[in-house]
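In full-length UniProt numbering, the protein residues as written are 1 to 287.
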């Protein structure tokens with residue numbers, strides 16, 4: 001029995017399992033998740049104002065926004081968010097203004113919370129000014145919103161541009177590929193998540209573990225969306241007796257799970273980094 005225990009301990013040490021558990025404790029996902037979900041709920045209207053301003057300036061049809069949201073979210077969550085989007089956009093926030101920038105600044109508190117959670121995982125000793133952290137979060141929020149707008153624009157414009165091209169061999173294949181909006185949505189998501197996980201923590205990151213972790217994160221998000229769609233359809237029927245409370249409950253649960261996946265991914269990236277360094281699979285000074 002002692003030999004088996006010793007073997008298990010040796011395997012665990014070889015794979016840095018104790019360090020993985022340490023990272024998980026530092027990440028405190030069970031507490032960070034609800035915090036991020038709360039800030040996201042509070043910042044939801046400012047975020048929609050910002051995205052609405054970007055797409056309205058380009059004259060994109062609102063149905064394109066609906067289609068984008070339905071593609072990125074479980075059915076139950078999209079059904080909640082879409083009426084909020086319509087309500088905000090009907091409020092006249094269709095022009096980019098100082099008030100929208102102020103709204104984005106307010107919404108950037110989400111990223112400040114995420115950055116702090118990520119940094120705590122590494123026990124980073126980088127002393128950051130609070131205002132500097134908020135400015136970095138604000139810039140990142142602008143990048144994320146612009147990227148979301150770019151994906152919606154691509155979804156709207158690319159099929160129209162390709163349909164205008166003259167007939168030629170292979171044009172039907174191109175038209176079919178361009179009509180599959182999930183392809184460039186997926187590519188944009190991969191790029192965004194890799195950059196997000198690389199740049200948000202204060203710690204100096206390594207590309208290889210970040211790419212691996214980000215791909216795993218995307219798979220987990222896709223699985224969550226699939227399972228959560230089933231959950232909202234069958235598991236939350238009892239919440240429908242009080243529609244407003246039920247909708248808020250669904251949204252909070254979903255955002256909480258997304259936040260936990262984000263923290264768990266950063267824990268995984270930290271663990272993979274330590275494992276790579278231990279195995280000598282990249283140089284410790286490699287960025």
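Just so you know, even glycine gets a beta-carbon here, dropped at the ideal spot from N, CA and C.
Chain-order list of residues whose beta-carbon lies under 7 Å from that of residue i (same chain, five-residue window excluded)
{"i": "residue 12", "result": "18"}
{"i": "residue 44", "result": "84"}
{"i": "residue 122", "result": "201, 203, 270"}
{"i": "residue 177", "result": "183"}
Buried/exposed call for residue i, threshold 16 Cβ in 10 Å
{"i": "residue 30", "result": "exposed"}
{"i": "residue 206", "result": "buried"}
{"i": "residue 111", "result": "buried"}
{"i": "residue 65", "result": "buried"}
{"i": "residue 182", "result": "exposed"}
{"i": "residue 309", "result": "The structure shown does not extend to residue 309, since the chain is modelled only from 1 through 287, so no value can be given for it."}
{"i": "residue 306", "result": "Because the chain here runs from 1 to 287, residue 306 falls outside it and cannot be looked at."}
{"i": "residue 193", "result": "buried"}
{"i": "residue 48", "result": "buried"}
{"i": "residue 284", "result": "Residue placement at residue 284 is poorly supported in this model, since its pLDDT is 47, which falls under 50; the coordinates are not used for a value here."}
{"i": "residue 6", "result": "exposed"}
{"i": "residue 164", "result": "exposed"}
{"i": "residue 268", "result": "buried"}
{"i": "residue 40", "result": "buried"}
{"i": "residue 63", "result": "exposed"}
DSSP state of residue i mapped onto helix, strand, coil
{"i": "residue 280", "result": "coil"}
{"i": "residue 241", "result": "At residue 241 the pLDDT is 46, less than 50, meaning the model places this residue with poor confidence and gives no usable figure here."}
{"i": "residue 217", "result": "helix"}
{"i": "residue 3", "result": "helix"}
{"i": "residue 200", "result": "coil"}
{"i": "residue 15", "result": "coil"}
{"i": "residue 121", "result": "helix"}
{"i": "residue 269", "result": "helix"}
{"i": "residue 83", "result": "helix"}
{"i": "residue 176", "result": "helix"}
{"i": "residue 66", "result": "helix"}
{"i": "residue 209", "result": "helix"}
Cβ shell of residue i (< 6 Å), same chain only, five flanking positions each side left out
{"i": "residue 77", "result": "254"}
{"i": "residue 20", "result": "271"}
{"i": "residue 134", "result": "112"}
{"i": "residue 251", "result": "80"}
{"i": "residue 288", "result": "Absent from the model: residue 288. The displayed extent of the chain is 1 to 287, so no value can be given."}
Test: residue i CB closer than 9 Å to a CB of chain D
{"i": "residue 39", "result": "Looking for chain D here will not work: only one protein chain is present."}
Proximal residues to residue i (C-beta, below 8 Å), its chain only, five neighbours per side dropped
{"i": "residue 266", "result": "27, 117, 118, 121, 197, 201, 213"}
Should the stretch 31–43 be regarded as contacting the stretch 109–122, the criterion being three or more beta carbon pairs within less than 8 Å? yes
Could you tell me whether the stretch 176–189 touches the stretch 256–265, using the rule of 3 or more Cβ pairs below 8 Å? no
Extract the residue ranges of the beta strand (DSSP E) inside the stretch 19–51, only unbroken runs of 3 or more that lie entirely within it. none
On the three-pair Cβ rule with 8 Å, is the stretch 137–149 touching the stretch 220–236? no
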